[in-house]
Amino acid sequence: MKTPVAIGEEVRAALAAGRAVVALESTLLAHGLPYPENAALARDLDAIVRGAGAVPATVAVIGGVPVVGLDAAGIDRLVQTPGMAKLSARDLALAMASGIDGATTVASTAALAAAAGIGTFATGGLGGVHRGARDTYDESADLATLATTPLVVVCAGVKSLLDIPATIERLESLNVAVAGYRTDRFPGFYRRDGGVGLDWTLEDPEAVARAAQARDRLRAAGVAGAGGALVLANPLPAEEELDGALHDAALATGLAEAARRGIHGKAVTPFLLAHFHVATGGESLRANLVIVRRNAHLAAEVAVARARLGA
Ligand code: PSU
Ligand code: MN
Numbered sequence: 001m002k003t004p005v006a007i008g009e010e011v012r013a014a015l016a017a018g019r020a021v022v023a024l025e026s027t028l029l030a031h032g033l034p035y036p037e038n039a040a041l042a043r044d045l046d047a048i049v050r051g052a053g054a055v056p057a058t059v060a061v062i063g064g065v066p067v068v069g070l071d072a073a074g075i076d077r078l079v080q081t082p083g084m085a086k087l088s089a090r091d092l093a094l095a096m097a098s099g100i101d102g103a104t105t106v107a108s109t110a111a112l113a114a115a116a117g118i119g120t121f122a123t124g125g126l127g128g129v130h131r132g133a134r135d136t137y138d139e140s141a142d143l144a145t146l147a148t149t150p151l152v153v154v155c156a157g158v159k160s161l162l163d164i165p166a167t168i169e170r171l172e173s174l175n176v177a178v179a180g181y182r183t184d185r186f187p188g189f190y191r192r193d194g195g196v197g198l199d200w201t202l203e204d205p206e207a208v209a210r211a212a213q214a215r216d217r218l219r220a221a222g223v224a225g226a227g228g229a230l231v232l233a234n235p236l237p238a239e240e241e242l243d244g245a246l247h248d249a250a251l252a253t254g255l256a257e258a259a260r261r262g263i264h265g266k267a268v269t270p271f272l273l274a275h276f277h278v279a280t281g282g283e284s285l286r287a288n289l290v291i292v293r294r295n296a297h298l299a300a301e302v303a304v305a306r307a308r309l310g311a
């Protein structure tokens, strides 16, 4: 059966030649950041990944077609169109059948990238367990999807607007491996330390590549629970962190405002991100841009190391 996923020409050629490719998520561009900062970031990411020797593959749905490796026109559409749909993995079929455009979350980007044969993925922060999930059951599909997608996912942990310890517990339950990049603390996105320690630390892209290769061998051997994603948690350097007091104040007012307005479901994260950007006078936006650029760079280095290993 013909694949329903359109793979960009350059991405297809790179994959066929065993060259490094990095998948990039599009919800962070369409819903996590305002225009025109998102457009500038999309251009930066392209240059950063290429500069490190890999081919970028931005993932989204355009006119009902899941695309791995958007062209410049697709990226323009993504960053400029107000009200772009936010599509998780379960939404892909419905979006295809209705012919719409949409941005892909970590879950749907991971699923499409893995199906296309890409092994390395950069994002900002993962979705996770929301505060109050005990009552709302609000846990991102990112977590369950990562359990079954054989990727290296470079992120800055999860935002403190989520329940970070609960997210770490669910990643464990779901057999998603987590390693810190040059840290033994799970990052809280804007802050280096999300308050939870990690069992595993990897020190360079080669070490990440070896771990991914071992994971791929276990997966190929059918070892249950050992073949899912490897989350590589890449913290901000101390000098780039959001100030602690500024962060805590923005979080408190954001959570209170979201509760007051009854924001729920998939609108929660975009609402709180936008609130943070205003409440911190743009500081959170600055940190967010730094995070995503750094993650794209590290992911490209990992993809290059993996290509060199032949994995
Ligand atoms: N976390 C961020 N920024 C984001 C997202 C998460 O710091 O933009 C996006 C990602 O695309 C992630 C999605 O996959 O939100 C998770 O949304 P939900 O919680 O509705 O599953
Ligand atoms: Mn949710």
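Numbering (the working numbering), first residue to last: 1 to 311.
Positions of the beta carbon are idealized from the N, C-alpha and C atoms, including for glycine.
Grab the span of the alpha helix (DSSP H) containing residue i for me, first residue to last.
i, result
"L218", "205-220"
"P56", "Premise fails: P56 lies in the beta strand (DSSP E), 55-62, not in any alpha helix (DSSP H)."
"V304", "283-309"
"G132", "From DSSP, G132 is part of no alpha helix (DSSP H); its letter is neither H nor E."
"G8", "Where G8 is concerned, there is no enclosing alpha helix (DSSP H), given that its DSSP letter is neither H nor E."
"A259", "244-261"
"A267", "Element bounds for A267: n/a, residue is neither H nor E."
"G74", "72-80"
"L312", "The requested residue 312 is not part of the displayed model; the chain covers only 1 to 311."
In whole angstroms, what is the alpha-carbon distance linking residue i and residue j?
i, j, result
"A110", "V22", "11 Å"
"A93", "A238", "42 Å"
"A207", "A245", "36 Å"
"H130", "I263", "12 Å"
"T3", "A107", "19 Å"
"I7", "A144", "24 Å"
"L289", "L151", "23 Å"
"A141", "V176", "13 Å"
"G127", "R308", "31 Å"
"G188", "S98", "37 Å"
"H297", "A30", "20 Å"
"A221", "A305", "23 Å"
"K86", "G124", "16 Å"
"E25", "T104", "6 Å"
"A317", "D71", "Beyond the ends of the chain as shown, which are 1 and 311, falls residue 317; an answer cannot be given."
"A42", "I75", "7 Å"
"R286", "G83", "23 Å"
"G194", "L146", "20 Å"
"G117", "T148", "14 Å"
"D199", "D184", "7 Å"
"L28", "D101", "15 Å"
"E203", "R217", "21 Å"
"R210", "I48", "23 Å"
"V178", "I168", "9 Å"
"E240", "A20", "28 Å"
"D44", "P235", "19 Å"
"G119", "T201", "20 Å"
"L33", "Q80", "11 Å"
"H247", "E9", "42 Å"
"L230", "V153", "6 Å"
Any idea what DSSP makes of residue i, helix, strand or coil?
i, result
"R19", "coil"
"A226", "coil"
"F189", "coil"
"L202", "strand"
"L161", "coil"
"E241", "coil"
"L236", "coil"
"E139", "strand"
"L147", "Note that residue 147 is Ala in the sequence shown, not Leu. Note: A147 maps to coil in three-state DSSP."
"L174", "coil"
"L24", "strand"
Which residue comes first and which comes last in the beta strand (DSSP E) that contains residue i?
i, result
"F121", "120-122"
"V67", "65-68"
"A39", "No beta strand (DSSP E) holds A39; the alpha helix (DSSP H) holding it covers 37-51."
"L33", "Careful: L33 lies outside any beta strand (DSSP E) and carries neither H nor E."
"V153", "152-155"
"G180", "177-181"
"L87", "85-87"
"T104", "102-104"
Under 7 Å: does the beta carbon of residue i sit that close to some heavy atom of the ligand COA?
i, result
"S140", "Looking for the ligand COA in the displayed structure turns up nothing; the ligands present are the ligand PSU and the ligand MN."
Exercise. Spell out a yes or no on whether the stretch 4-24 and the stretch 46-61 are touching, meaning 3 or more CB-CB pairs, one atom from each, closer than 8 Å.
Key: Touching, yes, given that three or more Cβ pairs across the two stretches are closer than 8 Å.
Quiz prompt | Three-pair Cβ contact test at 8 Å for the stretch 213-229 versus the stretch 269-278 | solution = With a cut-off of 8 Å, the stretch 269-278 and the stretch 213-229 do not count as touching, because too few Cβ pairs lie within range.
Quiz item: Is the stretch 62-69 close to the stretch 43-52, with three or more CB pairs under 8 Å?
Solution: At 8 Å Cβ cutoff, the stretches do not touch.
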